[in-house]
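Residue numbers (this note's numbering): 801 to 1399.
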């Protein structure tokens, strides 16, 4: 029996050749057992091989492509020849190696794909294993070898390599392959690899072999025991009574765990020596320690990569001050109940505009708007919880406490509104006569804050009635034709005051109790605004005290302004309408509700 190995960029296959003829090609149809080759330079029927008394007989089926041999003349199309084994055949990008197990050196081991991907090993008895503790053994501080001392130059080379890995990001394309190569070179191994645990499965992400005759493979039994023990394993495998298939022809192995942020085993460095004519013995303690130090470098690199990824993610939603605080106190992200101030915003006129513009123009406009609004939120120390189409959800007082969280949210909302004259001017040619505006709702109250996403996708934010109420208040801005409304709970938390007009109580969809809302004046309210505020709040007080006639007298000016074509105060119109209803019906069970909004 002969062993045939087919290798190219797309495949690495082992085939046992007994008495039958093997036919190789992209789509072989000649007599014999077909072997499909994934190589564009191969003919549909390229060549065949079969045993013969001299060794192997090879025939070239192609009408164009010659078959090449390292130490013999090329086999021209249509010809055949006999060869002694072992032999290597080359066509296009593919090599075919044929050898005899009886004459093959021990390190010419070609495992099947099943052996590489599926571990059929007999479980290794942990009592037969040698381990290194996670920490470096103080007794090993001198880097002494059981069989001699390395030179100072070699030790310095090792330390320099380890130092370079510790300062290298694991997202470099060649990081894992370089790490695997270092394991092989430092410890005189035949194979080194980096194996990571992803989705509860072991996955090889880097590998290096001392020569082309060594095939990548690992023992899941060893990986499983290293994961359970959380220690470095190093052993002369000849001591094992019954090594499994995946450890066949392996003389010695070393496996060191790579630890994640939560001290879980996130992967392993795996190295081995293949049995050879010259027995080199097991892995010694110094070699195991070197692999352990390199594994620590990978773990540090993974932690550094995760930290950078988390920081980039946080900086998209948190201010720079908050990011620094979270780096110092990551426990702040733990779920808890907290009083917060929530802001909802929604772009006005965007739906109609999206039906007119090209998607590319819509994206450019929306990006400009969101960049400005997001900056206002983060400038006030807010957390951007989510973007939903043309809306934003933000909050204050979590994860870091802010005594003036209500003030910050109100200032952010007013700052957001101030962008729209400039935005409408800048995008005038694209808006086609439409006017963009913004609705902002702000509410303060208790909420559950924490990761509202999942382990796969982190999303820090709030849950509860406080959030729903802020969203409904934002919706109410449409009914009042006002850009911003805040609840009484927010106004009562303000530390710096500010001018507000109390509009009254409204019923909101999904909210059982009436909610009192207020209109903020903005940065520089006009005398007319103060006059309007005075009359309206006096009329609202009269309405709540059932003095219907006084309400009409105070707000008659709002009706007259509409007749003159001046801007109308929708809050005053609502109050007049409710007052007329009361005058007509004289309700016995009077509730001082200004409006009842529907979805």
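Built from N, CA and C at the ideal position, the CB exists for glycine as well. These numbers were taken from a predicted model, which means no experiment stands behind them.
- The stretch 850-860 and the stretch 819-829 touch, with no fewer than 3 CB-CB distances between them shorter than 8 Å.
- The Cβ-Cβ distance between residue 894 and residue 1011 does not fall below 7 Å.
- The three-state secondary structure of residue 1021, taken from DSSP, is helix.
- About 4 Å separates the CB atoms of residue 1185 and residue 1193; that is less than 8 Å, so the two are in contact.
- Put simply, of 1188, 1197, 1241, 887 the residue whose alpha carbon is nearest the alpha carbon of residue 1213 is 1241.
- Residue pairing of residue 834 in beta bridges, as defined by DSSP: 823.
- In this structure, the beta-carbon distance from residue 1303 to residue 1286 does not fall below 7 Å.
- Straight-line spacing of the CA atoms in residue 1084 and residue 1066 works out to 25 Å.
- Rounded to the nearest angstrom, the Cβ distance from residue 1182 to residue 1195 is 7 Å, consistent with a contact under 8 Å.
- Secondary structure note for residue 1169: its alpha helix (DSSP H) is the uninterrupted segment 1159-1179.
- Between residue 1235 and residue 1149, the C-beta spacing is below 7 Å.
- Inter-residue distance for residue 1211 and residue 1180 is about 8 Å (C-alpha atoms, whole angstroms).
- By alpha-carbon distance to residue 1250, the top candidate from 1131, 1244, 980 is 1131.
- Here residue 1014 is not near residue 988, since their CB atoms are 7 Å or more apart.
- In this structure, DSSP gives residue 979 a helical state, which the three-state scheme calls helix.
- Take the alpha-carbon of residue 1333 and the one of residue 1166: they are about 34 Å apart.
- DSSP lists 996, 1058 as the bridge partner or partners of residue 1067.
- Excluding the 5 residues flanking it on each side, residue 1289 has same chain C-beta neighbours closer than 7 Å at 1243, 1244, 1245, in chain order.
- For residue 1379 against residue 1348, the beta-carbon gap comes to about 5 Å, under 8 Å, which counts as contact.
- Under the three-state reduction of DSSP output, residue 1008 falls in the strand class.
- Only residues of its own chain outside the window of five on either side were considered, and among them 1142, 1144, 1241, 1243 have a CB closer than 6 Å to the CB of residue 1270, listed in chain order.
- In terms of Cα proximity to residue 1311, the closest of 1398, 1324, 1343, 863 is 1398.
- Looking only at 1009, 959, 986, 1023, the smallest Cα-Cα distance to residue 997 is reached by 1023.
- DSSP places residue 1186 in the strand class (E or B) of the three-state scheme.
- By the C-beta density criterion, residue 1253 is exposed, having fewer than 16 other C-beta atoms within 10 angstroms.
- Residues of the same chain with a CB within less than 6 Å of the CB of residue 897, apart from the 5 flanking positions on each side, are 805, 888 in chain order.
- It is roughly 29 Å from the alpha-carbon of residue 1069 to the alpha-carbon of residue 1127.
- Setting aside the 5 residues that flank it on each side, residue 834 is surrounded in the same chain by 823, 828, each with a C-beta closer than 6 Å to its C-beta; the list follows chain order.
- Taking the C-beta atoms as reference points, residue 830 is found no nearer than 7 Å to residue 860.
- Taking residue 1258 as reference, the option from 1345, 1109, 1338 with the minimal CA-CA separation is 1109.
- Closest in C-alpha terms to residue 1247, from the list 1261, 1239, 1237, 1238, comes 1261.
- Relative to the Cα of residue 978, the nearest Cα in the group 1371, 1121, 1097 belongs to 1097.
- Taking C-beta atoms as the reference points, residue 1056 and residue 1095 count as a pair closer than 7 Å.
- Within 10 angstroms of the beta-carbon of residue 1009 lie 16 or more other beta-carbons, which makes it buried.
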